[in-house]
Every structure is written in structure tokens, then in C-alpha cells.
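J.:
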Amino acid sequence: MHDERTAAATETGTGTDFSRRGFVVTSLATGFALAVQPVSAQTITTDSDGLVAGEVKIPTKDGQIPAYRAQPKGDGPFPVVLVVQEIFGVHEHIKDVCRRFAKLGALAIAPELYARQGDVSKLTDFGAIRPIVAKVPDAQVMSDLDAAVDFAKGSKGDVSKLGITGFCWGGRIVWLYSAHNPAVKAGVAWYGRLVGDPDELHPKSPVELADKLNAPILGLYGGADTGIPIESIEKMREAIKAAAKTAEIHVYPDTPHAFFADYRPSYRKEQAEDGWKRLQEWFKKNGVL
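Positions 316 to 604 (our numbering) are the ones given, in order, by the sequence shown.
1) Given a cut-off of 9 Å on the beta-carbon distance, is the pair Ile-532 and Thr-561 in contact?
2) Does DSSP classify Lys-567 as helix, strand or coil?
3) I'd like to confirm the pairing. Which residues does DSSP put opposite Ala-368 in its beta bridges?
4) Measure the alpha-carbon distance for Phe-466 versus His-495 and round it to whole angstroms.
5) Let me know the secondary structure DSSP gives Ser-475 once reduced to three states.
6) Are the Cβ atoms of Ile-548 and Ala-462 separated by less than 9 Å?
7) Using CA coordinates, which residue listed in Val-489, Ile-373, Ala-348, Lys-556 is at the minimum distance from His-408?
8) Would you mind giving the Cβ-Cβ distance between Val-451 and Gln-432, rounded to the nearest angstrom? I have them listed as a contact below 8 Å.
9) Which one or two residues does DSSP pair with Gly-481 in a beta bridge?
10) How big is the Cα-Cα spacing for Gly-534 and Trp-484?
11) Would you list the one or two residues that DSSP bridges to Leu-535?
12) Measuring alpha carbon to alpha carbon, tell me which residue in Lys-437, Glu-427, Val-367, Leu-397 is nearest Gly-346.
13) Please confirm if the region 364-383 is in contact with the region 576-591, defined as three or more CB-CB distances below 8 Å between the two stretches.
14) So the beta strand (DSSP E) Ala-423 belongs to, where does it begin and stop?
15) Buried or exposed: where does Ser-334 fall if 16 or more other Cβ atoms within 10 Å of its Cβ makes it buried?
16) Under a three-way DSSP split, which group does Val-339 fall into?
17) Should Gly-602 and His-565 be called a contact, given that it needs their Cβ atoms to be closer than 9 Å?
18) Going by Cα to Cα distance, which pick from Trp-505, Pro-392, Lys-592 is closest to Val-399?
19) Excluding the five sequence neighbours on either side, which residues of its own chain have a C-beta within less than 8 Å of the C-beta of Lys-592, listed in chain order?
20) Which class does Val-499 belong to by DSSP, given the choice of helix, strand or coil?
21) Taking 9 Å as the threshold (C-beta atoms), are Phe-393 and Asp-473 in contact?
22) On the three-state DSSP scale, how would you describe Ile-380?
23) Could you check what DSSP says for Ile-359 in three-state terms: helix, strand or coil?
24) Could you tell me the distance, in whole angstroms, from the CA atom of Glu-588 to the CA atom of Ala-449?
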């Protein structure tokens, strides 16, 4: 992973100059990512009755990126929730999560954050996905999420009630964006990596930004997640405490990575439902929902 990122840093120079890139992805995937087939029978499907839901285009500094947006019908304004994709991009599961938030009265928006680097939805080999994701600069992601907030503001969104949640790759981004944007009211990070080796495209890990958090963060993690050891969670807890920031990390014992992903074998119904309940309580407590 480090070698791939180093190569990517060389390719983009400073790691923040993404304006020269073209756009590989111009529309969202339909269905589920091919890397996680077959889809589980436990998959949750949320209808769009009473909602305005579908693909939109978000203007950014260097062009448009596709995104999925769901919000209630009506005049609003609606609270805004940024939904940050897993490593597999914005596919049907992430779209469904947006509709779940819209059913709760929010405008939820999930921008395709790999749009310049590649379309991972059509790749069947997980090993082929990693090099693409490694080329996505944190600075680009922060900028694109800012653009998504601006889009939501112009689409009946109340950005004074701004929340963010993300899964896996997106869980890490929740911590980073909460340190980046002082307008965030609360965040919920699902099993996002907390430590890591820095490189030019990814200069800081969440544990290094604990003192920069602008909003209360709830972390939801699995005790049996082989990619996120308990030691790293304890390190993050210590950093949060030292920084005197408001954050809680809840660890579900004997629970794997991606336990919220109802379309995958890793799904754990009880933990997922409890996490979704905790998310709603956290967002209500901190002025998002």
C-alpha cells in the first residue's frame, strides 16, 4: 500500500494538485459493486416514497462529480448528512443509506470521491481496487465534500445542521473531515482506520488530528476487525482524551469489519441495528437531526 501511494504522490506532484486530472467516472454505478458478489439475501432496500432521490452532479473546482442525493419532498430546509462511501465507491448500499436518512427528514448526499482516479464498481478483484483508492488524495476528498455541502445548501439543505457518516474507507474520512470543516456538528465513523503510515497524498491519520476535531465524533468498531486492531482504537481514545475533545468509540465484541454492510457476509444484524440507533441518538443530541 505504501509503495502504491508513493507512486501516486510522484504522479500528482504535491499531492494536492488534482486540477489536471480528467474524470474517469461521470455517472454512478447501478446495483452493487462487482467485488462483493453475490449479494446477501439480508440486503435492506429502502423505498423512495415521499422522497426526491437520484443521481445529481456536483460542481467542483475542476469539473462535475456524480453523487447520489435523497431528501424528503417539500420545502425544507432539511438537515444535511454527508454519506462517505466504502472502498467500493457509491453503489446501491450507499444509495440506500442515503434514503434511510431521507426517511428521517434529512438531505443525504454521497459524492463519488474516486471520480478522477477510477471506477472501482466494475472491478471483481479487491487487489485491483486498492491501487486506485491509494491514488485518491485526502485534500481532494476534503474539497469534494466541501462542494457537496455547497450543493446541499442550494438544494433546500440546512447546513447549520451538518452531519457526516462513513464506512470503512469513509470511516477514516469522517475523522479527517470533522477536523477540516468547523461547520460539522457531529460525525459517526463506522470502522474507519485510525492510524497509518503517512505519505504525500495522505499526510495525517485520524490519531494525529485528534486535537483538531471540530465536532463530537462517535466511532463504531468491531472487536474482531482484523484490519483495525484494538491497540489502534486505544491509541485514538488516548489522543482524544489528551486533546480534551468530545468523542466516543464503541467496540462490539467478536464483531468483524463491515458489520453494517447488509449486502455482505460480514453483516451482523444486531450490531448494525444498534449502531444505527446510536447514530440517530448521536445526531439528535448534537443538533443534526
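Idealized CB from N, CA, C, for every residue including glycine.
T.: The short version:
1) yes
2) The amino acid occupying residue 567 in the given sequence is Tyr; Lys does not appear at that position. Looking at Tyr-567 - three-state DSSP - the assignment turns out to be strand.
3) Ala-385
4) 18 Å
5) strand
6) no
7) Ala-348
8) 5 Å
9) Val-399, Ala-504
10) Whole-angstrom Cα-Cα distance: 13 Å.
11) Trp-505, His-565
12) Nearest of Lys-437, Glu-427, Val-367, Leu-397 to Gly-346, Cα basis: Lys-437.
13) no
14) Ala-423 -> beta strand (DSSP E) spans 422-426.
15) Unreliable placement is indicated for Ser-334, whose pLDDT of 44 sits below 50; no coordinate value is reported for it.
16) Residue state, collapsed to three classes: coil.
17) Their beta carbons are not under 9 Å apart, which means Gly-602 does not touch His-565 by this criterion.
18) Trp-505
19) none
20) strand
21) yes
22) Strand at Ile-380.
23) coil
24) 31 Å
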